[in-house]
């Protein structure tokens with residue numbers, strides 16, 4: 020026991036007064052978006068219309084207009100078709116905020132990132148990003164309006 024006592028004191032002294040290195044960590048601010056968002060709840064027609072309008076015009080849709088459009092949807096049998104008609108009508112209005120085709124073609128990566136975040140509230144996976152960039156670059160007839168239309172009609176857009 021007497022032999023271990025000096026070792027214990029030596030160990031205690033080393034741990035109290037031993038080398039200490041001050042470490043400073045820097046954190047980068049990052050926006051966190053789920054890459055693989057698990058959306059399981061279907062949006063109500065009112066939610067769908069309000070969010071669609073906000074995505075296209077960057078402003079809220081009035082409650083009266085939501086109710087009016089809901090009545091049209093409920094009175095029509097084919098929901099997919101009526102969604103196409105409503106999206107088309109909204110996109111033909113003057114104040115719709117869609118990037119220009121030249122802006123889309125100038126930076127297809129940023130356009131794709133912005134579109135995913137705007138409509139699906141997530142960042143695209145690397146495969147999705149690569150596919151969209153390739154698609155935009157290799158299809159001269161694709162417009163930003165068609166891309167927005169496709170996102171607004173996508174199955175993922177119907178869920179939150």
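Numbering (our numbering), first residue to last: 20 to 179. Just so you know, even glycine gets a beta-carbon here, dropped at the ideal spot from N, CA and C.
Take the Cβ of residue i as the centre, count every other Cβ of all protein chains shown within 10 Å, and call the residue buried at 16 or more, exposed below.
i	result
residue 69	buried
residue 67	buried
residue 44	exposed
residue 149	exposed
residue 111	exposed
residue 27	exposed
residue 46	exposed
residue 139	buried
residue 109	buried
Take residue i as the anchor and find which of the options has the nearest alpha-carbon.
i	options	result
residue 162	121, 174, 138	121
residue 76	131, 83, 167	167
residue 127	117, 154, 81	154
residue 71	113, 93, 102	102
residue 107	170, 174, 63, 137	170
residue 176	164, 132, 61	61
residue 130	116, 49, 152, 141	152
residue 172	123, 158, 100	100
residue 137	124, 125, 116	116
residue 147	135, 158, 157, 156	135
residue 123	159, 141, 113	159
Looking only at DSSP bridge pairs, what is residue i linked to?
i	result
residue 178	61
Any idea what DSSP makes of residue i, helix, strand or coil?
i	result
residue 133	helix
residue 119	coil
residue 80	coil
residue 127	helix
residue 74	helix
residue 149	helix
residue 139	coil
residue 170	helix
residue 98	helix
residue 90	helix
residue 85	helix
residue 47	coil
Hey, residue i and residue j are a contact pair by Cβ (cut 8 Å); roughly how many whole angstroms apart?
i	j	result
residue 105	residue 98	The pair is not a contact, with the Cβ atoms about 10 Å apart (cut-off 8 Å).
residue 118	residue 132	With a Cβ gap of about 12 Å, residue 118 and residue 132 do not count as contacting.
residue 178	residue 84	Incorrect: roughly 23 Å between the Cβ atoms, too far for contact.
residue 64	residue 87	Actually they are not in contact, since the Cβ atoms of residue 64 and residue 87 sit about 12 Å apart, beyond 8 Å.
residue 73	residue 79	6 Å
So does residue i have its beta carbon nearer than 7 Å to some heavy atom of the ligand NAP?
i	result
residue 95	Absence of the ligand NAP from the depicted structure is noted, as is the absence of any ligand whatsoever, leaving it without description.
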